[in-house]
Amino acid sequence: MLDPQALYEYSRSLGNTNEGLELQHRLSLFQVFSRLYDRHPDLLAEILDLDSSVAPSYGSHGFFSYVQAVVIGGRAYLMTNLADGRSQALAQSQQIWTIGRDSQQVVIPIRDKRLSRRHAAIHYHQNQFRLVDLGSTNGSFVNGERIRNQYSLRDGDRIRLGSVTFSFFICHDWQELPQVPEADVRHIESVEPASPRETDETVTSSADVAGAIPAFVLEETLRFIRNQGR
Numbered sequence: 049m050l051d052p053q054a055l056y057e058y059s060r061s062l063g064n065t066n067e068g069l070e071l072q073h074r075l076s077l078f079q080v081f082s083r084l085y086d087r088h089p090d091l092l093a094e095i096l097d098l099d100s101s102v103a104p105s106y107g108s109h110g111f112f113s114y115v116q117a118v119v120i121g122g123r124a125y126l127m128t129n130l131a132d133g134r135s136q137a138l139a140q141s142q143q144i145w146t147i148g149r150d151s152q153q154v155v156i157p158i159r160d161k162r163l164s165r166r167h168a169a170i171h172y173h174q175n176q177f178r179l180v181d182l183g184s185t186n187g188s189f190v191n192g193e194r195i196r197n198q199y200s201l202r203d204g205d206r207i208r209l210g211s212v213t214f215s216f217f218i219c220h221d222w223q224e225l226p227q228v229p230e231a232d233v234r235h236i237e238s239v240e241p242a243s244p245r246e247t248d249e250t251v252t253s254s255a256d257v258a259g260a261i262p263a264f265v266l267e268e269t270l271r272f273i274r275n276q277g278r
């Protein structure tokens, strides 16, 4: 059985090194989720099931799911990376973008077992974007609140459908910006590209490590706690 006190002492001995900071984060997670497991084991199991049910994050660390709505000349378009991890511009003649897990029934299919086949739709009508729930089993949520039937979306809303969470942005404005000064153009065009070695060498500060914990760390901690409780 893991001894949290021994782990704590070991992490302190490492000081503010990257390894020490990461270990301290793991210990903090372990302590929090140990208490969660003791009091609500079913909830912890549900969290683990959520993790296993989501489609792969397409391999990139810090993958960010989004929908960007753009209105040009009275016509709306969606730009999103929900479908397969690649950003795409999606035009739809009826201005309705349906979302679900069945590619035969929706225009934006997502591999997620907690999504209904036809889960929800984003609808642009009368200069307004709405999220419409299509009678989904697990519901549609905006900013943590389950919606009833439909919700008028605003710039920056956080949407959750099934196990998929994404940010929604709206752009109604268009600006033609002034030209960049010629001296700046010459300077920019003269800059040599960095060598592969230079781009690979990144400096990680203790603040960077303390500010973000990779998802796999949380996953490992949760699974470890569940195994310890058996």
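Residue numbers 49 to 278, in my numbering, belong to the letters of the sequence shown in order.
Virtual Cβ for every residue (Gly too), placed ideally from N, Cα, C.
According to the DSSP assignment, Ala169 belongs to the beta strand (DSSP E) that extends over Ala168 to His173. In the same chain as Phe217, and ignoring 5 residues on each side of it, the C-beta atoms closer than 6 Å to its own belong to Gln116 and Asp203, in chain order.
Per DSSP, reduced to three states, the secondary structure at Glu193 is strand. Cβ-Cβ separation between His167 and Gly210: approximately 7 Å, consistent with a contact (criterion under 8 Å). Here DSSP, grouped into helix, strand and coil, assigns Gln79 to helix.
Less than 8 Å separates the beta-carbon of Arg208 from that of Phe189.
Asn191 is a Cβ neighbour of Arg206, given a cutoff of 8 Å. Contact between Val212 and Ile156 does not hold, since their C-beta atoms are separated by about 10 Å, which reaches or exceeds 8 Å. In the three-state scheme derived from DSSP, where H, G and I count as helix and E and B as strand, Ser188 is classed as strand.
Sequence-distant Cβ neighbours of Trp145 in its own chain, meaning closer than 7 Å and more than five residues away, are Leu126, Leu138, Val155, Ile156, Ala169 and Ile170. Rounded to the nearest whole angstrom, the C-alpha separation of Thr128 and Val239 is 32 Å. Per the coordinates, the alpha-carbon of Val119 lies some 26 Å from the alpha-carbon of Ser151.
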